[in-house]
Structure formats: C-alpha cells, structure tokens
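Residue numbers (this note's numbering), protein chains in the order written: chain Y, 1 to 393; chain F, 394 to 786. Even glycine gets a Cβ: it sits at the ideal position worked out from N, Cα and C. Since we're looking at a predicted model, the values are computed, not measured. Before any comments, here is the structure.
There are 2 protein chains.
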Amino acid sequence: MKHSFSLAAQCLIFSSLGLAQPPAPAGRGGRGFPPPQPPSYEVRADRTVVFRLRAPDATSVKLNGDFLAAPPPVEGAPPAPAVAEMTKGDDGFWTVTVGPLRPAVYNYTFTVNGVRAIDPTNPMVKLGDRSSESMFEVPADKPAVYDIQPVPHGTVHIDWYQSASLGVPRSMYVYTPPGYEQGKSKLPVLYLLHGSGDTEAGWVSVGRANLILDNLIAAGTAKPMIVVMPYGRPLAAVMLVPSAGRGPQNANDLFADDLLKDVIPNVEKLYRASAKPDDRAIAGLSMGGGQALQIGLAHLDTFHYIGAFSAAARGNPEEAFKDFFADPAAANRKLKLFYIACGKADGLFPGSQALSDALEKHQIKHQFAPSEEGHVWRNWRDYLASFAPQLFR
Amino acid sequence: MKHSFSLAAQCLIFSSLGLAQPPAPAGRGGRGFPPPQPPSYEVRADRTVVFRLRAPDATSVKLNGDFLAAPPPVEGAPPAPAVAEMTKGDDGFWTVTVGPLRPAVYNYTFTVNGVRAIDPTNPMVKLGDRSSESMFEVPADKPAVYDIQPVPHGTVHIDWYQSASLGVPRSMYVYTPPGYEQGKSKLPVLYLLHGSGDTEAGWVSVGRANLILDNLIAAGTAKPMIVVMPYGRPLAAVMLVPSAGRGPQNANDLFADDLLKDVIPNVEKLYRASAKPDDRAIAGLSMGGGQALQIGLAHLDTFHYIGAFSAAARGNPEEAFKDFFADPAAANRKLKLFYIACGKADGLFPGSQALSDALEKHQIKHQFAPSEEGHVWRNWRDYLASFAPQLFR
C-alpha cells in the first residue's frame with residue numbers, strides 16, 4: 001500500500017470508499033463550513049509543487065521554505081532567509097511553483113504583508129518551541145523509511161514526571177517497539193534529543209522517529225529498542241508559553257541534570273529499560289546534538305553510543321571536550337559507535353568537521369557522514385535511519 | 394505550586410533558577426535567533442489580556458477569538474465571526490486589549506490583510522483537522538481541574554492500529570491512569586470522541602483530558618479509568634492532508650464500524666480494558682457528541698454510559714433515534730447515565746433541548762446540564778470534569 005499525500009492518493013482513498021469525489025462537507029457546530037477551496041499545495045507527478053494562498057486583500061505574499069534557494073550572502077550581514085515571491089491572480093489567489101524536489105517531508109510558511117503565517121488550510125503542522133510551520137510530503141516511488149507501512153507498530157507514550165533537578169513537572173515521549181507489552185527482557189534505550197526549535201514531541205510529530213523505528217525493526221535492520229525523547233529546555237516546564245523556550249546560559253548543564261538524575265531513573269522505573277552502558281545510546285539534532293556531545297562525552301560509563309546530528313558544536317573541540325580528548329584509549333575502549341553527521345551546506349558543518357578532525361588526530365574511532373543540504377529536518381530523519389541500525393550490536 | 398502562564402509566573406520560573414530575567418537567547422543552527430520581542434499576549438492581574446502583533450507592513454490586523462462579542466446577527470446572512478480590530482502603533486506593533494475574561498484556556502488567531510494566521514511567536518497551538526489556532530490561559534486563583542498539579546500522572550499512549558473496516562492504518566490516543574503499569578485488574582473505559590475541527594490528539598493537546606483525569610482521580614472524585622480517543626473521521630487515515638477532514642455523507646456509519654469493530658477490539662487486546670457494558674462509556678463533543686448519540690443509543694448492550702457534549706444533534710430526536718425511543722423501559726434498565734450538556738448560546742442548543750424534551754416525554758432518565766456560553770472548548774473541559782466523576786459507579 002502506497003501512502004502518499006498527493007491529490008491522486010486522496011482520490012484513491014475516496015474511490016476506495018465508493019465515492020467518485022469528496023462530497024460537500026457536513027455542517028459544523030451550527031456555524032457552517034467555509035466553502036471548499038483548491039488545495040493549498042499540490043505535489044505534481046514531476047515533483048514540482050504548486051502553492052496557493054487565498055489573500056485578495058494582501059499586497060505582498062511570499063513563500064518561505066528551506067527547500068528554496070537562499071539569496072547570495074552579503075558580507076557582514078546575517079544570512080537572508082530563503083523565500084519565493086508569490087504572484088496574485090485575478091481570483092485573489094497567490095501562487096508559486098517550486099521544484100522539482102527530491103522525495104522528503106518539507107516545511108514551509110507564508111509571509112503575508114510581512115507577517116509569517118502557517119498555511120491556514122493545511123492540518124499538517126510542525127509545532128515549534130517558538131514558532132510553527134506547515135509540512136508537506138513529496139512522495140517517493142515506494143514508501144520511504146519515514147512513511148507508515150503495513151508493519152507492526154510500536155507505541156508512543158507521553159509520560160509526565162516530576163523533575164527533582166528542575167523542580168517542575170515535565171513530559172517526555174517514549175517509544176516502545178512492537179510486542180513490547182508481551183515481552184519480558186530488558187531492552188536497550190536510545191535517548192534522542194530535539195533541536196532548539198522543537199519540543200519533546202518533535203522527533204515523533206516532525207521526525208516520525210516512531211515510524212522509522214517501526215520500519216527498520218520490521219526489516220530486521222534495527223534491533224528492537226526503546227526511544228526516549230525528553231524536553232531539552234530546562235524551562236517552560238509545564239506548558240509552552242511565548243519566549244519560554246529561551247533558556248539560561250547554563251541551560252545544557254541544567255538539562256544534563258534533568259536527563260541523568262530524573263529522566264533516566266524514571267525511564268528505568270517505568271519501562272523494561274536496560275541500565276547497561278552497552279545498552280544506552282544518546283543522540284540529538286542541532287541543539288540536541290550539542291547536548292548529546294556534552295553529556296555523552298562526559299559520561300562514557302553511561303552511554304556507549306553517541307550520535308551528533310548537525311550538532312551545535314562550535315569552537316575548538318579539544319578544548320570543549322578536554323577530558324574526553326585526554327584519554328583516547330578510554331574513548332576507544334568504551335564507545336561502540338561515535339556517529340557524526342552534518343549537511344555540507346549547514347552553517348554548523350565546520351563544527352562537525354573540526355570534531356571529526358580532532359578525533360582523527362587523537363586516533364579516536366568515529367564515523368563521519370557528511371550529507372548534502374543544510375540544517376534541515378529531512379536530513380535528521382535520514383541520519384536516524386542510518387544511525388539506529390548500528391546500535392546495540 | 395501555581396501553574397499560570399502569566400508574565401509573573403514566567404518571572405517566578407526564571408527567578409527560581411537564579412535569574413532575574415530571561416537572558417539573551419543562545420545561537421541556533423548557525424542562523425541566529427530573531428531579536429527578543431515583547432510577548433505576543435499578556436494576561437494582566439485584572440484578567441484583561443493585551444495582544445500584540447508586529448506587522449509594520451500590514452494595513453489591516455484583526456484578532457479572532459470566541460471570547461470576543463460577535464456582531465449582531467443580520468437576517469438571512471450567516472453569523473459573522475467574533476473579531477476585534479487591532480490598532481497600529483508607531484513601533485509597527487498592532488495591539489488590542491480584551492476582557493476581563495473568566496479563568497479558562499482560550500483560542501485565538503489573527504487576520505492579517507485578510508489571511509488568518511496563528512500567533513507566530515506563541516508555541517501553544519491548537520492543531521486542527523482543517524486549521525490551527527493559538528491558545529492562552531487565564532489562570533484562576535488556584536490551579537484549575539485542567540491544570541497540571543503535583544499529583545500522580547497517568548500516561549497517554551499513541552497507538553497505531555490497522556482498521557480492517559476502513560482498510561487503512563490509523564492512530565488513537567489512549568490514557569491509562571496512574572499506577573496502571575503495576576495493576577492487574579481490568580479497568581473501565583471511556584471512549585471519548587473529538588469534534589469536527591479536531592483530531593485524535595485534540596482531547597489531550599487542547600482538552601487536557603489526561604490532566605483532568607489525573608486531578609479527578611487524585612481527588613478521589615473519579616474512578617481510575619482508561620480513556621480512548623480515536624480519530625473520528627473515516628478518511629485522512631494516514632496523515633492529515635488539506636481538505637482530507639471532510640468525510641462522506643455516511644461518515645458516522647463508517648466511523649461506527651471503525652470504533653466497534655477495530656478500536657474497541659484493539660483496545661481490549663492491548664490494554665487491561667473491561668469489556669462489560671457497565672464498564673464502558675461513550676461521549677463526545679460536537680461532531681463527536683453526535684457520534685456518541687448515534688453509536689451509543691444504537692448499542693445499549695455495548696455502552697451503559699453516554700455523554701453528549703454540545704452534540705451535533707439536529708432534527709426530531711424521536712425520528713433520528715427511533716429504535717431507542719421505541720423502548721424506554723430498555724433504555725432505563727440499561728443506561729446508568731445519559732448526560733447531555735450544551736451552552737445556551739450554542740447554535741446547537743436547540744438540538745440538545747429537543748433531545749432532553751423527547752427523553753422527558755418518554756420518561757427516559759437523563760441529566761440535562763445547560764451551561765453558559767456557546768460552542769467553545771472551555772465548556773468541553775468543564776463538561777468532562779462533570780461527567781467523568783459520575784462514571785462506573
């Protein structure tokens with residue numbers, strides 16, 4: 001079964017229910033539906049994508065998306081965002097066509113007279129710590145590793161725990177693999193950290209980590225494992241509020257306490273989670289990649305697998321991780337896998353390159369996997385799909 | 394501990410971490426943070442709320458929210474939405490002050506030159522089936538039943554199942570009460586259905602059903618129970634896509650099959666869920682209230698508790714539920730609770746009133762609980778908090 005989100009697929013779904021086309025919507029709450037509109041985006045067979053926004057009263061509408069070409073950099077100025085101007089038609093719809101794009105899940109927003117807005121008619125939304133974006137998928141010819149497929153599915157749990165370190169209740173997402181409920185033995189655990197723009201929901205709602213693990217486990221390429229996704233900000237503990245995502249300067253230290261003293265003990269109490277370092281991995285993207293390095297490299301007796309995805313790692317790694325680099329033998333003895341991946345167009349690429357170079361210099365085993373593109377979510381789904389099969393071997 | 398989301402509370406959180414005020418944000422993905430801005434909303438001590446949106450290039454900005462007064466109805470025209478005009482300042486910020494508002498969680502959006510947009514800087518977003526809204530809370534003097542409190546917390550599970558009825562994989566949210574993992578006995582189950590604008594996540598992410606149950610169970614006013622929240626649309630099965638939320642005319646019949654033949658058997662296989670009709674309740678809001686009536690009243694041997702929250706019930710109930718009304722004795726023998734609640738300002742109120750009147754006429758026991766206000770989420774949190782304590786007694 002193919003799970004694409006194209007118009008063709010929608011028509012197939014309707015057809016399979018015996019309907020030639022979507023019928024008129026039913027009434028709602030006594031207030032009526034808005035009239036049907038053309039879809040806000042359309043992925044065409046050639047993988048170009050048409051965007052349409054109804055905005056008859058706007059005088060400027062732009063499309064934002066990391067799949068667009070960024071304007072050339074200007075010396076001394078911050079990088080300009082990647083935007084495409086949209087064109088207004090006589091019907092009040094603004095349109096633009098982009099691509100063709102490679103099969104992946106993409107994020108986008110509109111800017112209407114200077115204000116950034118998610119697509120008001122697309123329910124696939126990437127919720128963020130500070131802002132949200134709309135999402136769409138360009139389907140591949142066959143289902144991708146992040147697509148739902150007819151395989152056994154694990155369960156995602158949303159657990160609240162009281163963080164003694166931070167003095168607040170917090171929530172974490174925990175994936176258990178298919179068959180977990182029937183099993184008896186302890187399972188290895190991947191602690192998977194989100195980026196600065198996301199929340200504890202991000203690896204599931206945006207990254208589809210649960211579907212990726214389902215598919216890898218079904219294919220026999222990844223071992224069944226628990227995946228724990230905590231909230232990486234030591235503030236905004238209860239509910240997200242505006243600006244709450246901005247942490248103090250020592251945010252990563254506070255988060256390390258939360259992870260090591262609260263999250264892990266809670267997970268090992270609530271779940272059949274192995275406490276052996278050989279059965280523990282820590283990985284993260286961007287800010288979470290920086291946290292995975294900072295926490296992981298300082299706790300080689302806790303985690304024997306480390307993954308840094310487009311990690312927020314700057315400066316000289318030999319200084320940042322002084323103790324770690326002081327004992328290469330211990331590193332090589334303890335670490336089963338030290339995986340570093342980053343897009344070559346990512347502003348953080350030099351940090352990953354410098355880390356790999358320093359590891360090379362000190363003859364510390366690691367895997368450096370530069371990829372195409374920049375600081376984009378579609379890379380992180382791919383990195384997880386490369387990293388997870390190498391764990392707990 | 395008080396959990397409000399006001400500026401005062403944020404300052405308290407920062408203070409408790411030894412910071413006088415939020416520090417400057419750290420860098421992000423090599424691209425830098427946007428400069429700090431004043432919060433996009435501010436709940437003041439007098440429970441008025443100030444909204445601010447930076448939009449120097451916009452020529453019209455409005456605030457939308459169901460807490461605003463709707464304009465007077467115009468004969469023959471559809472009801473106009475409740476909006477407040479915002480005023481542009483020299484600094485490019487548009488502002489408006491509303492309220493005072495009673496303590497509750499509210500939804501809002503902005504309209505920028507005619508385009509509806511969530512608040513671009515507020516991470517509390519109500520994701521919808523067709524569109525999204527931003528949320529804010531006006532805190533009460535003490536934590537409300539929907540606020541997180543220092544009590545034991547249950548777990549929310551996101552489970553995927555293959556719907557044989559619909560031929561697609563679907564996901565459901567399942568709440569298990571605190572201590573579920575350690576227990577042995579079967580628990581009663583509330584099947585809780587969302588409204589037309591929401592998804593299977595709605596009762597948790599918007600309605601906070603999990604926190605409401607945590608608090609009621611901790612207070613000893615509700616029995617520990619499992620709460621199952623399926624997706625009420627028989628289409629858009631895999632991921633939400635634009636317009637996919639619009640179902641066929643027989644959507645409720647298709648959903649009834651999914652619920653009765655797939656959801657319930659799956660729940661009773663995966664969880665320690667009682668299969669006794671005395672241990673099963675079905676309730677829902679709006680569209681889901683209509684489904685709870687349609688499915689519940691036709692299956693008195695499956696569910697002995699029914700809740701209709703602002704239910705989408707129209708027309709003559711004696712015709713719509715002919716078989717049910719044909720046997721009042723069976724209804725009174727089987728139903729332990731038939732709860733009907735609706736806001737008196739709701740366009741659907743006449744439907745609930747007519748249902749209650751028909752039940753009265755046929756001498757069928759029921760509880761009719763009209764409330765203030767209209768078709769608003771804050772009513773449904775309250776209804777759940779009234780309904781759940783009466784279940785499984």
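Beta carbon proximity, residue i to chain Y, threshold 7 Å
i: aspartate 450 of chain F; result: yes
i: serine 779 of chain F; result: no
i: asparagine 506 of chain F; result: yes
i: isoleucine 733 of chain F; result: no
i: isoleucine 551 of chain F; result: yes
i: threonine 548 of chain F; result: yes
i: proline 562 of chain F; result: yes
i: tryptophan 770 of chain F; result: no
i: leucine 400 of chain F; result: Any reading at leucine 400 of chain F is ruled out, since the residue's pLDDT is 28, under 50, leaving its predicted position unreliable.
Minimum Cβ-Cβ distance from residue i to chain F less than 7 Å
i: histidine 366 of chain Y; result: no
i: isoleucine 148 of chain Y; result: yes
i: proline 389 of chain Y; result: no
Neighbour list for residue i in chain Y, Cβ cutoff strictly below 7 Å
i: glutamate 574 of chain F; result: Leu270
Partners in chain F for residue i, counting only beta-carbon separations shorter than 7 Å
i: serine 132 of chain Y; result: Ile511 and Val518
Residue i, enclosing beta strand (DSSP E) - first and last residue
i: serine 205 of chain Y; result: Here serine 205 of chain Y belongs to no beta strand (DSSP E); instead the alpha helix (DSSP H) covers 202-205.
i: glycine 700 of chain F; result: 698-702
i: glycine 677 of chain F; result: 673-678
i: alanine 734 of chain F; result: 730-736
i: serine 779 of chain F; result: Segment 770-780 is the alpha helix (DSSP H) holding serine 779 of chain F; no beta strand (DSSP E) there.
i: leucine 53 of chain Y; result: 49-54
i: valine 98 of chain Y; result: 93-98
i: alanine 313 of chain Y; result: Unbroken run through alanine 313 of chain Y: none, as it is neither H nor E.
i: glutamate 435 of chain F; result: 434-436
i: aspartate 357 of chain Y; result: Per DSSP, aspartate 357 of chain Y belongs to no beta strand (DSSP E); it is in the alpha helix (DSSP H), 349-361.
For residue j and residue i, believed in contact at Cβ under 8 Å, the rounded distance
i: threonine 111 of chain Y; j: serine 524 of chain F; result: Not quite, the Cβ-Cβ distance comes to about 18 Å (not below 8 Å), so this is no contact.
i: proline 370 of chain Y; j: lysine 344 of chain Y; result: 5 Å
i: leucine 604 of chain F; j: valine 620 of chain F; result: Not a contact, Cβ separation roughly 12 Å.
i: glycine 195 of chain Y; j: leucine 260 of chain Y; result: The Cβ separation is near 20 Å, so there is no contact.
i: aspartate 278 of chain Y; j: lysine 336 of chain Y; result: 7 Å
i: alanine 463 of chain F; j: alanine 477 of chain F; result: No, alanine 463 of chain F and alanine 477 of chain F are not in contact; Cβ-Cβ is about 11 Å, not under 8 Å.
i: isoleucine 340 of chain Y; j: alanine 308 of chain Y; result: 5 Å
Length of the line joining the Cα atoms of residue i and residue j
i: valine 656 of chain F; j: alanine 666 of chain F; result: 12 Å
i: proline 123 of chain Y; j: glycine 521 of chain F; result: 6 Å
i: serine 171 of chain Y; j: glycine 92 of chain Y; result: 43 Å
i: isoleucine 675 of chain F; j: alanine 649 of chain F; result: 12 Å
i: aspartate 141 of chain Y; j: leucine 348 of chain Y; result: 32 Å
i: alanine 778 of chain F; j: alanine 45 of chain Y; result: 49 Å
i: threonine 375 of chain F; j: proline 536 of chain F; result: The structure shown does not extend to residue 375 of chain F, since chain F is modelled only from 394 to 786, so the question has no answer here.
i: glycine 374 of chain Y; j: alanine 298 of chain Y; result: 28 Å
i: valine 145 of chain Y; j: tyrosine 383 of chain Y; result: 11 Å
i: glutamate 360 of chain Y; j: methionine 135 of chain Y; result: 38 Å
i: aspartate 739 of chain F; j: proline 465 of chain F; result: 15 Å
i: glycine 296 of chain Y; j: valine 50 of chain Y; result: 43 Å
i: methionine 680 of chain F; j: alanine 706 of chain F; result: 8 Å
i: asparagine 252 of chain Y; j: leucine 300 of chain Y; result: 17 Å
i: leucine 461 of chain F; j: valine 491 of chain F; result: 8 Å
i: leucine 609 of chain F; j: proline 782 of chain F; result: 7 Å
i: tyrosine 566 of chain F; j: glycine 154 of chain Y; result: 13 Å
Contacts of residue i in chain Y (Cβ-Cβ under 9 Å)
i: serine 453 of chain F; result: Asp57 and Asn113
Interface partners of residue i on chain F, CB under 9 Å
i: threonine 95 of chain Y; result: Here the premise fails: no neighbours, minimum Cβ distance about 14 Å.
i: leucine 53 of chain Y; result: Val508
Terminal residues of the alpha helix (DSSP H) in which residue i lies
i: tyrosine 191 of chain Y; result: Premise fails: tyrosine 191 of chain Y lies in the beta strand (DSSP E), 189-193, not in any alpha helix (DSSP H).
i: asparagine 542 of chain F; result: The sequence shown places glutamine at residue 542 of chain F, rather than the asparagine named in the question. Run containing glutamine 542 of chain F: none; DSSP gives neither H nor E here.
i: glutamate 394 of chain Y; result: Since the first residue of chain Y shown is 1 and the last is 393, residue 394 of chain Y is not available in this structure.
i: arginine 272 of chain Y; result: First-last for arginine 272 of chain Y: undefined, no H or E at that position.
Minimum Cβ-Cβ distance from residue i to chain A less than 7 Å
i: phenylalanine 392 of chain Y; result: No chain A appears in this structure, whose protein chains are Y and F.
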